[in-house]
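Asks: Residue numbers (our numbering): 46 to 231.
For every residue, glycine included, the Cβ atom is placed at its ideal position computed from N, Cα and C.
Being a predicted model, the structure only gives us computed values, none of them experimental.
Sharing a structure here in structure tokens format.
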Amino acid sequence: MRYFLFVLVAFPFIITAQEGRGKISGKVINRETGEPLANCNITIEAEPTRTITDHSGKFSIQLSYGTHKITFSFIGFSSTTKEILISPNKEEQYLIIGLVPISIIENEILVQGKRNTINTVVQEISAKNLTNIPNMYSDILRSVQILSGVSSNNELSSGYNVHGGTFEENLIYLNGYEIFRPFLLR
Numbered sequence: 046m047r048y049f050l051f052v053l054v055a056f057p058f059i060i061t062a063q064e065g066r067g068k069i070s071g072k073v074i075n076r077e078t079g080e081p082l083a084n085c086n087i088t089i090e091a092e093p094t095r096t097i098t099d100h101s102g103k104f105s106i107q108l109s110y111g112t113h114k115i116t117f118s119f120i121g122f123s124s125t126t127k128e129i130l131i132s133p134n135k136e137e138q139y140l141i142i143g144l145v146p147i148s149i150i151e152n153e154i155l156v157q158g159k160r161n162t163i164n165t166v167v168q169e170i171s172a173k174n175l176t177n178i179p180n181m182y183s184d185i186l187r188s189v190q191i192l193s194g195v196s197s198n199n200e201l202s203s204g205y206n207v208h209g210g211t212f213e214e215n216l217i218y219l220n221g222y223e224i225f226r227p228f229l230l231r
């Protein structure tokens, strides 16, 4: 009984809330090619209602009864304004809007890039400093493994990584000569 009473009390408010509104839906296309225009701006003059078309160029707007000016705009196309009358006789309307492509003529823009050189970090270890590095072995590669930014798998391996790179990506020079496979150096 309470539910029935609630419906009788709330029903007039539901009807008045729905009253006085109509629906405009449609599709915005390129007039020359017939392709749908996705994300086309749709603005209703003198109302805060705005929307855009979906990926297939379709849209749907609910507006109150009366005459509304609706503007369809898209970058690179001429804008179109339509005056639409929404009345109880025509609550739903379907529109197909064709926008005409236009050329946008602006001053020349020159974009120039600047090439940054790759900053490689070179750390030299002199023979004098090599003797000051704590190391159980007299192996050069094991001495390199204890420097900051260098990590190794374990103490028995001569492979190491510098800042996330692998041992194959690091160059090692010994007395000015590049060592191609330093993990085989003993």
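1) Can you tell me which of E92, F119 and F117 puts its alpha carbon nearest to the alpha carbon of Q107?
2) I need the straight-line Cα distance from T176 to R160, nearest angstrom please.
3) Just to confirm my understanding: we take G221, look at its own chain, exclude 5 residues before and 5 after, and list those with CB closer than 6 Å. What are they?
4) Using CA coordinates, which residue listed in N134, E151, I74 and L155 is at the minimum distance from I87?
5) In whole angstroms, what separates the C-alpha of S124 from that of G111?
6) If the criterion is Cβ atoms closer than 8 Å, does the pair S102 and K72 meet it?
7) On the three-state DSSP scale, how would you describe N177?
8) Tell me whether G158 is buried or exposed, calling it buried when 16 or more other Cβ atoms sit within 10 Å of its Cβ.
9) Leaving out the 5 sequence neighbours to the left and right, which residues in its chain are closer than 7 Å to T96 when beta-carbon positions are compared?
10) If you compare alpha carbons, which of I147, K135 and H113 is closest to F119?
11) Between which two residues does the beta strand (DSSP E) carrying N75 extend?
12) When you compare the CB positions of I69 and Q138, do they come within less than 8 Å of one another, or not?
13) State the Cα-Cα distance for the pair E136 and T126, rounded to the nearest angstrom.
14) Please work out which residues of its chain come closer than 8 Å, Cβ to Cβ, to I154, disregarding the five sequence neighbours upstream and downstream, and give them in chain order.
15) Compute the Euclidean distance between the alpha carbons of Y218 and S171, then round it to the nearest angstrom.
16) Give me the DSSP bridge partner(s) of N86.
17) Can you tell me the Cα-Cα spacing of I178 and E223, whole angstroms?
Replies: On the basis of the coordinates in this document:
1) Ranking E92, F119 and F117 by Cα distance to Q107 puts E92 first.
2) 40 Å
3) none
4) I74
5) 23 Å
6) In the sequence as displayed, the identity of residue 102 is Gly instead of Ser. Closer than 8 Å, so yes.
7) helix
8) exposed
9) Counting only Cβ-Cβ distances below 7 Å, and skipping sequence neighbours, we find I87, F104 and I106.
10) I147
11) R66 to N75
12) yes
13) Pairing E136 with T126, the inter-Cα distance amounts to about 20 Å.
14) Its chain contains no residue whose beta carbon lies nearer than 8 Å to that of I154 once the 5 sequence neighbours on both sides are disregarded.
15) Computed Cα separation, rounded: 12 Å.
16) I97 and S118
17) The straight-line gap from Cα to Cα measures roughly 22 Å.
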